[in-house]
Amino acid sequence: MIIVLLGPPGAGKGTQGELLAARLGIPKIATGDLFRAAVRDGTPLGVEARKYMDRGDLVPDSVILGILREAMASPEAARGAILDGAVRTVPQAEGLADVLKSIDRKVDAVLLFDANHAELIRRLSARTTCDTCQTPFKAFAPGTACPRNDGGRLIRRKDDEPEAIQNRLNVYEEQTAPVVAWYQTHEVPVERIDAIGDVTDVTMRAAEALKHVPRAD
Ligand code: AMP
1280 MIIVLLGPPG AGKGTQGELL AARLGIPKIA TGDLFRAAVR DGTPLGVEAR
1330 KYMDRGDLVP DSVILGILRE AMASPEAARG AILDGAVRTV PQAEGLADVL
1380 KSIDRKVDAV LLFDANHAEL IRRLSARTTC DTCQTPFKAF APGTACPRND
1430 GGRLIRRKDD EPEAIQNRLN VYEEQTAPVV AWYQTHEVPV ERIDAIGDVT
1480 DVTMRAAEAL KHVPRAD
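Taken in order, the sequence shown gives residues 1280 to 1496; the numbers are from this note's numbering.
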């Protein structure tokens, strides 16, 4: 089952994606996590991605499609994948559809996580993220050791600074929101999930929504 997670920054795609991936026994592919790891390791991909990420702008479509092509052909994704933040423009949605068609697969469903602006800004401004496992936390100051004891430290992401947050929300409205309509017109079921409330409740809503989606594998 291939599931695309959509929704504005701060809606909880990363957290919910991880929980859903564990429930379904398929990997989560989060392009943002891949880029942050590449930036940390100083690879050429990281150097390129960083030019866009710190300001909250999007990395070019060609870079994303290269990553998606490789990820979807990998043996780990043979039973499916949860794509977290990996489709953020209409050309990316089109490119992914072409990549999947060439291997006789398709996106089975889109989960659209929905939260109001005030809540998104509150969550993004308050969170710190582990520099190693990349898990976001809402109640710890920068510099704290990661509660998962992986040796990482919690940092404030550069793109969680106020100016970058506003830019990311604008970029979402302009470039990512139209992806919802693209999937609807291409007959991919789009399930809207209320992303406000307890993490477990949101996961239950998402799991419930996926029950209506026919499994191709
Ligand atoms: P995220 O962790 O999903 O919020 O992603 C962090 C940043 O990585 C984004 O603000 C973009 O700069 C970049 N990024 C991640 N995924 C994509 C994508 N599919 N298209 C363009 N840029 C992306």
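We treat Cβ as the ideally placed atom computed from N, Cα and C, and that holds for glycine.
Could you work out which residue in the options is closest to residue i when comparing CA atoms only?
i	options	result
F1419	A1357, I1444, T1407 and G1286	T1407
M1332	G1476, R1447 and E1470	R1447
P1426	D1410, P1323 and T1322	D1410
D1336	K1437, D1320 and A1360	K1437
A1376	L1347, P1493, G1430 and E1327	L1347
R1334	P1441, I1282 and A1456	P1441
E1297	V1492, L1344 and C1412	C1412
L1344	H1396, A1365 and R1329	A1365
E1452	G1430, G1304, V1369 and R1435	V1369
V1478	V1318, E1373, I1400 and F1416	F1416
Leaving out the 5 sequence neighbours to the left and right, which residues in its chain are closer than 6 Å to residue i when beta-carbon positions are compared?
i	result
L1379	K1385
A1405	K1417
From residue i to residue j, what does the alpha carbon distance come to, in whole angstroms?
i	j	result
D1363	I1308	6 Å
K1292	M1280	17 Å
R1432	G1422	6 Å
V1467	P1339	24 Å
K1490	P1323	41 Å
K1330	A1460	29 Å
A1300	I1282	10 Å
R1315	V1342	14 Å
T1414	H1465	33 Å
C1470	D1320	Checking the sequence, you will find Glu at residue 1470 rather than Cys. Cα-Cα distance, rounded: 36 Å.
V1318	P1457	29 Å
E1349	R1401	35 Å
If I'm right that residue i touches residue j with Cβ under 8 Å, what's the distance once you round it to whole angstroms?
i	j	result
Q1454	R1367	6 Å
A1474	G1311	Between G1311 and A1474 the Cβ distance is about 17 Å, and since that is not below 8 Å, they are no contact.
L1313	I1361	That belief does not hold up - the Cβ atoms of L1313 and I1361 are roughly 14 Å apart, past 8 Å.
Is residue i buried or exposed, if buried means 16 or more other CB atoms sit within 10 Å of its CB?
i	result
Q1371	buried
R1358	exposed
I1382	exposed
A1352	exposed
V1326	exposed
G1304	exposed
G1374	buried
Near residue i, which residues of its chain fall below 7 Å by C-beta distance, leaving aside the five closest residues on each side in sequence?
i	result
E1355	P1306
L1403	P1288, G1289, D1439 and I1444
I1472	L1390, L1391, F1392, D1393, V1481, R1484, A1485 and A1488
I1434	T1407, T1408, D1410 and P1421
D1387	M1280, I1281, I1282, V1492 and A1495
V1450	G1335, D1336 and L1337
Q1463	V1469
Ordered along the chain, which non-local residues of its own chain (more than five positions away) have a Cβ less than 8 Å from that of residue i?
i	result
E1398	G1289 and I1475
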